[in-house]
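For what it's worth, the working numbering labels the leading residue of the first sequence as 2, then goes sequentially.
Let me begin by presenting the structure, written as structure tokens, before commenting on it.
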Amino acid sequence: MQRSTSTAEALPLPDSLSTQSPAALLLDWYDRSHRVLPWRITPPMAKAGKRPDPYHIWLSEVMLQQTTVQAVKAYFAKFLTLWPTVGDLAAADTEEVMKAWAGLGYYARARNLKKCAEAVASQHGGCFPDTEEGLKALPGIGDYTAAAIAAIAFNRQSAVLDGNVERVISRLYRVETPVPAARPEMRRLVAAMTPADRPGDFAQAMMDLGSTICTPRRPVCALCPINADCRAFAAGDPERFPVKLAKKAKPVRYGTAYVATDAAGAVYLCKRGDKGLLGGMTEVPGTDWTTDPGQNQTPPFAGKTTPLWRDCGGIVHVFTHFELRLAVRHAEVERDAIVANGWWEPRETLAAQALPTVMKKAIEKALPGCFAKTS
DNA sequence: CACCCGTGGAC
DNA sequence: TGTCCAAGGGT
């Protein structure tokens with residue numbers, strides 16, 4: 002493309018722009034454009050030496066695993082109100098933690114959160130380890146979270162690689178290897194880029210860049226502080242990265258959920274086992290969930306009488322690796338009509354139970370409005 | 001390494 | 001409407 006003489010081309014670039022490293026450019030951008038988040042110490046305070054509370058960083062990082070900032074904010078505030086310190090969380094009733102986590106998903110995180118708090122309280126004197134290795138030895142803390150806490154809470158020069166950073170790095174270097182196979186390579190690239198000064202802010206800057214500028218679709222490269230170093234921007238194909246493998250089709254499973262109420266409106270609930278899907282959470286009794294739509298219509302509990310179940314229609318709930326189509330049935334029964342390992346929960350306290358979203362949907366289908374706020 | 005593990009929002 | 005995806009970890 003032919004270009005006429007432009008003023009911009011005629012002007013010499015300032016030395017600061019032509020010689021700064023990508024990390025320095027990114028930190029300058031972060032100083033100006035960082036997001037303000039409840040668990041974050043913003044750059045002026047961070048540069049003045051103020052460190053965030055490791056408990057806050059750990060709690061937010063675990064909540065943010067595969068979960069959006071928007072969804073986490075309210076849960077983060079609730080947890081700090083209920084349990085202001087890691088010692089408080091360690092001393093909490095696990096059932097109360099599951100109730101507080103209900104709706105956020107990936108419930109193994111909540112079980113590991115509690116285990117981790119107990120380990121920090123009993124084995125580390127209530128203080129989080131300040132190294133990657135020490136952190137990674139704790140339940141629920143893997144490669145990413147250990148590096149992130151070490152960098153953000155303790156200013157360690159650790160290589161933080163999450164989904165955002167993968168996207169930024171894969172575009173900067175046009176990494177053609179598909180994820181997750183490309184992770185070791187990308188980790189080396191991040192490590193080489195991470196500065197000794199302000200590594201915590203650098204990690205957060207990479208994530209902010211990935212979430213606001215270097216987005217999965219329609220990245221705003223014109224506003225990117227390191228576009229001059231970006232090979233994908235130069236090639237004009239940033240959206241092609243990171244390269245991913247095709248994913249498998251999602252199977253459908255079928256089942257039936259039984260919402261039983263007593264004369265006072267209490268609902269019969271059960272507790273799921275600690276392992277597997279929705280582990281440790283509360284549910285209404287139901288059949289197994291199988292791939293055969295014709296199966297599973299026999300109630301999985303006994304009773305002295307046989308209730309007449311009313312067909313309430315169905316719900317569809319999409320999990321990570323399958324879609325669930327649940328038939329919902331309701332009956333008002335005598336309390337001795339159900340003999341199982343559960344309990345009758347009064348209507349007033351139903352919403353506060355450790356019910357995952359799929360179960361709230363099913364109960365709502367049988368008892369419309371039962372989770373409506375009554376204030 | 002492949003698979004399991006939730007949910008809600010954006011396009 | 002379907003598809004993708006979001007600060008991943010455990011096994």
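Think of the CB as a built atom: it goes at the ideal place given N, C-alpha and C, for glycine as much as any other residue.
Note that the structure is predicted; figures quoted are calculated from it, not measured.
DSSP beta-bridge partners of residue i
i	result
residue 331	260 and 311
residue 270	344
residue 180	245
residue 49	Answer is none; residue 49 lacks a bridge partner.
residue 325	254 and 318
residue 287	258
residue 24	Its beta-bridge partners do not exist; DSSP assigns none.
residue 303	340
C-alpha distance - residue i paired with residue j, whole-angstrom precision
i	j	result
residue 282	residue 257	18 Å
residue 135	residue 210	28 Å
residue 115	residue 336	34 Å
residue 88	residue 161	27 Å
residue 285	residue 75	26 Å
residue 48	residue 95	38 Å
residue 228	residue 249	34 Å
residue 113	residue 276	12 Å
residue 45	residue 165	24 Å
residue 167	residue 203	14 Å
residue 300	residue 219	50 Å
residue 132	residue 55	12 Å
residue 307	residue 208	57 Å
residue 273	residue 319	19 Å
residue 68	residue 310	38 Å
residue 157	residue 198	9 Å
residue 356	residue 142	25 Å
residue 378	residue 279	Absent from the structure is residue 378, since the part of the chain shown begins at 2 and ends at 376.
residue 174	residue 32	24 Å
residue 23	residue 155	23 Å
residue 70	residue 264	42 Å
residue 260	residue 354	15 Å
residue 93	residue 247	42 Å
residue 72	residue 39	13 Å
residue 362	residue 372	10 Å
Terminal residues of the alpha helix (DSSP H) in which residue i lies
i	result
residue 38	No alpha helix (DSSP H) contains residue 38, which DSSP labels as neither H nor E.
residue 220	Premise fails: residue 220 is in no alpha helix (DSSP H) and is neither H nor E.
residue 140	Where residue 140 is concerned, there is no enclosing alpha helix (DSSP H), given that its DSSP letter is neither H nor E.
residue 88	87-92
residue 99	95-102
residue 213	200-213
residue 57	55-64
residue 124	109-124
residue 379	Beyond the ends of the chain as shown, which are 2 and 376, falls residue 379; an answer cannot be given.
residue 169	164-173
residue 129	First-last for residue 129: undefined, no H or E at that position.
residue 363	358-367
residue 355	Careful: residue 355 lies outside any alpha helix (DSSP H) and carries neither H nor E.
residue 373	No alpha helix (DSSP H) holds residue 373; DSSP gives it neither H nor E.
residue 232	232-236
Own chain residues within Cβ distance below 8 Å of residue i, not counting five before or after
i	result
residue 1	No answer is possible for residue 1: the residues shown for the chain start at 2 and end at 376.
residue 225	210, 214, 215, 231 and 234
residue 81	57 and 60
residue 42	51, 52 and 53
residue 138	130
residue 79	101
residue 254	290, 291, 292, 323, 324, 325 and 326
residue 317	324, 325, 326 and 327
residue 107	66, 67 and 68
Own chain, CB closer than 7 Å to residue i, minus 5 neighbours either side, in chain order
i	result
residue 252	292 and 323
residue 315	326, 327, 328 and 329
residue 122	87, 88 and 91
residue 342	271
residue 152	159, 161, 200, 201 and 204
residue 313	329, 330, 331, 366 and 367
Beta-carbon proximity list for residue i, same chain, < 6 Å, skipping 5 on both sides
i	result
residue 111	98, 99 and 102
residue 304	338, 339 and 340
residue 348	266
residue 163	145
residue 262	268 and 333
residue 221	214
residue 105	76
Touching by the beta-carbon criterion (3+ pairs, under 8 Å), the stretch 259-272 and the stretch 358-369: Taking 8 Å as the limit for Cβ pairs, the verdict is that the stretch 358-369 does touch the stretch 259-272.
Touching by the beta-carbon criterion (3+ pairs, under 8 Å), the stretch 44-63 and the stretch 145-158: Contact holds: three or more Cβ-Cβ distances are below 8 Å.
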